[in-house]
Amino acid sequence: MRPIQALSEGVINKIAAGEVIERPVSVVKELIENSLDALATNIEIEIQSGGKKSILVRDNGCGIPAHEMPLALKRHTTSKIRSDIDLENIATFGFRGEALASIGSISHLTFISKTQDNPGYKIISEGEKIVEEGLCSHPQGTSVQVKYLFHQTPARLKFLKSDETELAHILDYVSKIALIHPHVFFQLSHQGRKLLSLQEGNSFKKRFLDFLPQADELVYEVSNSFQGIEITALLAHPNLSRPTHKVMNFFVNGRPVSDRIIHHAVMEAYRNFLMKGKYPYCAVFLTLPGAMVDVNVHPTKAEVRFSNSQLIHRAVYETLINKLREEPWKQSVHEVNFQSPEILQQETMSLFQPQNKIDENKSKTINVGSHFYQDLRVVGQVLGTYIVCESGNRLILIDQHAAHERLLFEQLKAKDIKKDVQYFLVPNPVELKSAETLALKDKLVDLATLGFEIEHFGGNTFMVKSVPVLLNGRINLNQLLFDLARDILEMGQLTSFTDHLHSILARISCHAAVRAHDKLDEKEMNHLLQNLDGKPGTTFCPHGRPVSVEIKEEELKRWFKRVV
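Pasting the structure below:
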């Protein structure tokens, strides 16, 4: 590493400085990033009382020479950059030279380091005052212990949450940073109890699977190059989705980030495979030229700014959607385990649950062949919503709305819809609100490619002259156009109409499909099932809900105590 030196005033003024230590996880983050910048391959973190009492981070990095250590405790001293030009091509985590100084000013700090060619050296400070320093025994690398965080600022200490909450934030961050550095051993302990122990490996997927044991067949990897952007993504089966966005992980040039552009692109790609309110387990890694991204936006460096947000969105969306459309989960039926309903209620405090194995029954899928549905024997309809079928020693329940919605969706995708339309003898008037009117007016040409000939009649009134034949007589035009307009508003400027076509067709299919409580006779039920065979993705509706679930005979016998 280059020697540490003070930055010039010109560089300091161009750095968006500010408080970097907000809570214990801020300390952990800064110290781990220093370890990674020092090329450490072994990082151990020991926490006491959620980080309020003590945080110790120990690494085997290159270490810091003794004569540079006092300088490292001063503000705006760094080995990472020299001039403002370096800010445009930052390749390290830290670069402001604020972390240790900020930490030391609000804690008792023990700072020990040793390089390969020099003896170990120790500095102990209280606040900003050095109370002890000198040579000491220490292996190569650096150890930093932070005790009594915020002891000199009781007002800030008072606003920290419980030990459990602060620990959850630390576990969440360590999980994320470990994901992007699979070649590094990470160990996290709290009160002497080991919470994480991640062995070094050689691939993102292997590290990802450390958090999802026994999910190898349920995680898919994709890589792509897109106009100078390198993308690698790990995508988990929709069955592993959770009602928290914390299971979504984004990295830009090796940094964990929180970014609405990437988040929106991922959710759009997964939209037809997930239930509403669920988020996919995933990790998206982006590598792009430094000139395309600004990491100097916020002192925590958790936010970034892209020079071309639309390009980033398109790159992520197209990479993911192309992979999601081909994966085998689209040809699987859900096997239900009714013995463990409590699993559905459990939510993790942190990013992953490394100690718990995935419930195999909950995540298991059964392949669906090309004649799966037509081989089922229809028994009847229950609750006006579900088709009950029998196949061998299995009971299959099919959601008639989800099944018909998927069928219509696939038919709309496969047809040249514009050539297969139904014109009305008298155009149908539709009234919308002002915001929806503006949205729909901009997309009338695009909607015409789907078979909707719509004319703006003035004010908030539209005249609908034609719809796709598949939809004639099945839809409420007012509600459909209102929902389509709302979808278009939600798209904003991030996606083109073509990018959003799947979502538009899903909306149309939903409106046209048979509803819950629509009575179907046996002929209609058989006709629906026979038409499902041979279509892709027929075990999920376009919005991600399962079309069918399976209950095995053994499960039924257990319910009725026929087996022990």
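All the letters of the sequence shown, read from the start, carry residue numbers 2 to 565 under the working numbering.
We put the beta carbon where it would ideally sit given N, CA and C, even for glycine.
If you're wondering where the values come from, they're calculated on a predicted model, not measured in any experiment.
Go ahead and pull the three-state DSSP assignment for residue i.
i: Glu-34; result: helix
i: Thr-438; result: helix
i: Lys-53; result: coil
i: Glu-551; result: strand
i: Asp-519; result: coil
i: Phe-251; result: strand
i: Thr-143; result: strand
i: Cys-63; result: coil
i: Ala-7; result: strand
i: Pro-430; result: strand
i: Phe-541; result: strand
i: Ser-198; result: strand
i: Ile-1; result: Residue 1 is absent from the structure shown; the chain starts at 2 and stops at 565.
i: Lys-562; result: coil
i: Lys-130; result: strand
i: His-512; result: helix
i: Leu-345; result: Because the pLDDT at Leu-345 is just 27, under 50, the model does not fix this residue reliably, and the point stays unresolved.
i: Glu-327; result: coil
i: Glu-99; result: coil
i: Glu-23; result: coil
i: His-152; result: coil
i: His-314; result: helix
i: His-372; result: coil
i: Ile-476; result: coil
i: Asp-534; result: coil
i: Leu-158; result: helix
i: Asp-118; result: coil
I'd like to know if residue i contacts chain C, where contact means its C-beta is closer than 8 Å to some C-beta of that chain.
i: Glu-406; result: Given the protein chain composition of this structure (a single chain), no chain C is represented.
Figure out for me which residue from the options has the closest Cα to the Cα of residue i.
i: Leu-158; options: Arg-59, Glu-129, Ile-107; result: Ile-107
i: Ile-1; options: Arg-563, Gln-531, Glu-411; result: Residue 1 lies beyond the stretch modelled for the chain, which goes from 2 to 565, so this question has no answer here.
i: Arg-194; options: Ser-50, Val-422, Gly-393; result: Ser-50
i: Thr-540; options: Pro-239, Val-465, Val-267, Ile-476; result: Pro-239
i: Ile-230; options: His-544, Tyr-221, Gly-291; result: Gly-291
i: His-191; options: Gly-202, Glu-167, Val-185, His-184; result: Glu-167
i: Ala-507; options: Glu-437, Leu-413, Lys-130; result: Leu-413
i: Leu-57; options: Pro-66, Ile-33, Cys-63, Ala-41; result: Ile-33
i: Thr-111; options: Glu-99, Ser-126, Leu-101, Ile-552; result: Ser-126
i: Leu-196; options: Ile-48, Asp-522, Phe-453; result: Ile-48
i: Ala-403; options: Gly-545, Leu-40, Lys-520; result: Gly-545
i: Leu-37; options: Arg-261, Leu-521, Leu-289, Val-185; result: Val-185
i: Ser-176; options: Asp-211, Val-564, Val-431, Tyr-271; result: Asp-211
i: Pro-428; options: Phe-463, Ser-435, Ile-397; result: Phe-463
i: Leu-172; options: Ile-388, Ser-163, Leu-189, Phe-274; result: Leu-189
i: Ser-392; options: Pro-25, His-170, His-372, Glu-319; result: His-372
i: Ile-505; options: Asp-534, Pro-547, Glu-456, Thr-450; result: Thr-450
i: Ala-316; options: Val-305, Glu-327, Leu-289; result: Leu-289
i: Lys-247; options: Ala-169, Asn-61, Glu-454; result: Ala-169
i: Glu-201; options: Thr-245, Ala-41, Phe-160; result: Ala-41
i: Leu-441; options: Thr-320, Ser-224, Glu-23, Gly-460; result: Gly-460
i: Arg-272; options: Arg-563, Cys-542, Thr-116, Trp-560; result: Cys-542
i: Gly-385; options: Arg-306, Glu-327, Lys-520; result: Lys-520
i: Gly-513; options: Ile-455, Val-446, Glu-411; result: First, the amino acid is wrong: residue 513 is Ala here, not Gly. Per the Cα distances, Glu-411.
i: Asn-323; options: Thr-245, Glu-222, His-265; result: Glu-222
i: Gln-153; options: Leu-287, Ser-103, Val-305; result: Ser-103
Name, in chain order, the residues that DSSP records as bridge partners for residue i.
i: Gly-459; result: Thr-462
i: Gly-105; result: For Gly-105, which the question treats as bridged, DSSP gives no partner whatsoever.
i: Pro-469; result: Val-422
i: Asn-43; result: Phe-186
i: Phe-112; result: Ile-124, Val-145
i: Arg-306; result: Asp-295
i: Gly-135; result: Lys-123
i: Val-58; result: Ile-46, Val-145
i: Glu-454; result: Ser-467
i: His-191; result: Ile-48, Arg-194
* Can you check the segment 374-428 for any alpha helix (DSSP H) of at least 4 residues that lies completely inside it and give the ranges in chain order? => Complete alpha helix (DSSP H) runs here, min 4: 401-415.
* Say whether the segment 62-74 touches the segment 209-217, bearing in mind that this needs 3 or more beta-carbon pairs closer than 8 Å, one atom from each stretch. => Result no; under three Cβ-Cβ pairs closer than 8 Å.
* Report yes or no: do the segment 275-288 and the segment 226-237 share at least 3 C-beta pairs separated by less than 8 Å? => Contact holds: three or more Cβ-Cβ distances are below 8 Å.
* Can we say the segment 108-121 touches the segment 133-142, given the rule of at least three CB pairs closer than 8 Å? -> Cβ pair count under 8 Å is three or more, so yes.
* Asked: For the segment 206-293, which segments carrying the beta strand (DSSP E) assignment without a break, of at least 3 residues, lie completely within its bounds, in sequence order?
  -> List check, beta strand (DSSP E) in window: 220-227, 230-237, 249-253, 256-258, 283-288.
* If we count Cβ pairs, one from each stretch, closer than 8 Å, do we get three or more for the segment 244-257 versus the segment 173-180? -> At 8 Å Cβ cutoff, the stretches touch.
* **Meets three-Cβ-pair contact criterion under 8 Å: the segment 480-489 and the segment 377-388** => Between the segment 480-489 and the segment 377-388, the count of Cβ pairs shorter than 8 Å is below three; the stretches do not touch.
* Using 8 Å as the Cβ pair cut-off and three pairs as the minimum, do the segment 52-65 and the segment 24-36 touch? -> Short answer: they touch.
* Taking contact to mean at least 3 C-beta pairs separated by less than 8 Å, is the segment 421-439 in contact with the segment 547-564? -> The segment 421-439 is not in contact with the segment 547-564.
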